[in-house]
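In my numbering, the protein residues as written are -10 to 229. The beta-carbon is built from N, C-alpha and C at its ideal position, and this holds for glycine as well. Reviewing the structure listed below.
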């Protein structure tokens, strides 16, 4: 593994609307001359044009089982970098992300990093959602997965990868990482799509997220939490 190589792993499922621009902006965001970007897309069974767009963007394709944690874990063995970034397909990293990742992870006391959360929406209440999420991330060391996790490959291997869960895999990964070192939130922001807040509403989306987190803390099985989440989002779609 070489520390000038950063491997970016993107889980996808029917992401033809965003994946091309995500890959393009990743390449444009590199500022250090010696950084080499290794982009790997881990797909969970897309039926649209995702694969064609990934190939056109000169990224590598890994076919995996469905589920974000499963997809991310499946891609890691084929990566080349000493540093890994786990990036949602609808999230954009800041220009100079490579400098942030490399400088942060060279500190051996840091086990996991993430960027500040910025939501690409102006719906009422969304700035408060950002503020609370960033406060939690900074003070408690518990970022969301759509903030762009970054980690040393050696630390990822020591943790055993993402837990095999249908959801909350990012939450548990951050908890596990805290046992090995500090979880850091960078000053720079990752911009994530606001589509779920716009589709389901800020209050409804935030309330559902907090119910799932509380249930997880209280020991509700993740399979049950997943049924709650899928059921609630399906009901919201029917009401639209």
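- Using CA coordinates, which residue listed in 30, -6 and 24 is at the minimum distance from residue 3? Here residue 3 refers to the residue found at position 14 when the chain shown is read from its first residue. Nearest option by C-alpha distance: 30.
- Task: Give the DSSP-derived three-state secondary structure of residue 170 in the structure shown.
- Result: Residue 170 sits at position 181 when you count from the first residue of the chain shown. Judged by DSSP in its simplified three-state form, residue 170 adopts coil rather than helix or strand.
- Three or more C-beta pairs below 8 Å linking the segment 139 to 150 and the segment 71 to 85: Touching, yes, given that three or more Cβ pairs across the two stretches are closer than 8 Å.
- Is the beta carbon of residue 23 less than 7 Å from the beta carbon of residue 69? Residue mapping note: residue 23 aligns to position 34 of the chain shown, counting from 1. Residue mapping note: residue 69 aligns to position 80 of the chain shown, counting from 1. No.
- Take every Cβ of the segment 183 to 198, pair it with every Cβ of the segment 85 to 94, and state whether three or more of those distances are shorter than 8 Å. With a cut-off of 8 Å, the segment 85 to 94 and the segment 183 to 198 do not count as touching, because too few Cβ pairs lie within range.
- Message: Rounded to whole angstroms, what is the Cα-Cα separation between residue 304 and residue 188?
- Response: Only positions -10 to 229 of the chain appear in this structure, which leaves residue 304 out of reach.
- Rounded separation between residue 21 and residue 106 - CA only: Here residue 21 is taken as the residue at index 32 of the chain shown, counted from 1. Here residue 106 is taken as the residue at index 117 of the chain shown, counted from 1. Distance between the alpha carbons of residue 21 and residue 106: 23 Å.
- Distance between beta carbons of residue 215 and residue 152, contact taken as under 8 Å: On the chain shown, position 163 is the one that residue 152 refers to. On the chain shown, position 226 is the one that residue 215 refers to. Contact flag wrong, Cβ pair sits at about 13 Å.
- Query: Expressed to the nearest angstrom, what Euclidean distance is found between the alpha-carbon atoms of residue 192 and residue 221?
  - Reply: Counting from 1 along the chain shown, the entry for residue 192 is found at position 203. Counting from 1 along the chain shown, the entry for residue 221 is found at position 232. If you take the alpha carbons of residue 192 and residue 221, they lie about 13 Å apart.
- Looking at C-beta atoms only, is the number of pairs between the segment 159 to 171 and the segment 123 to 138 that lie closer than 8 Å three or more? yes
- Counting only runs of 3+ residues fully inside the segment 68 to 118, write out the beta strand (DSSP E) ranges in chain order. 70 to 75 and 99 to 109
- Mind listing, in chain order, the continuous alpha helix (DSSP H) runs of no fewer than 4 residues lying wholly within the segment 125 to 166? Listed in chain order, the complete alpha helix (DSSP H) runs (minimum 4 residues) inside the segment 125 to 166 are 142 to 148.
- Message: For residue 66, count the other beta carbons within 10 Å of its own beta carbon; 16 or more makes it buried, fewer makes it exposed. Which is it?
- Response: Counted from its first residue, the chain shown places residue 66 at position 77. It counts as exposed.
- Message: By alpha-carbon positions, which one of 128, 62 and 180 ends up nearest to residue 148?
- Response: In the chain shown, the residue the question calls residue 148 occupies position 159. In this structure, 62 is the residue among 128, 62 and 180 with its C-alpha nearest to the C-alpha of residue 148.
- Item | Beta-carbon gap between residue 172 and residue 101 smaller than 7 Å | By 1-based counting over the chain shown, the position of residue 172 is 183. By 1-based counting over the chain shown, the position of residue 101 is 112. The answer is yes: Cβ separation under 7 Å.
- Task: Excluding the 5 residues preceding and the 5 following residue 85 in the sequence, name in chain order all residues of the same chain whose CB lies nearer than 6 Å to its CB.
- Result: In the chain shown, residue 85 corresponds to position 96, counting from 1. 20.
- State the start and end residues of the unbroken beta strand (DSSP E) segment that holds residue 31. On the chain shown, position 42 is the one that residue 31 refers to. Counting along the chain, the beta strand (DSSP E) containing residue 31 begins and ends at 25 to 32.
- Item | Rounded straight-line distance, which links the Cα of residue 58 to that of residue 11 | Residue mapping note: residue 11 aligns to position 22 of the chain shown, counting from 1. Residue mapping note: residue 58 aligns to position 69 of the chain shown, counting from 1. Answer to the nearest angstrom: the Cα atoms are 20 Å apart.
- What is the C-beta distance between residue 79 and residue 7, in whole angstroms, given that I count them as a contact (C-beta under 8 Å)? Within the chain shown, the letter at position 90 stands for residue 79. Within the chain shown, the letter at position 18 stands for residue 7. That pair is a contact at about 5 Å.
- Going by DSSP, which residues form a beta bridge with residue 52? Walking along the chain shown from the start, residue 52 turns up at place 63. Beta-bridge pairing links residue 52 to 32.
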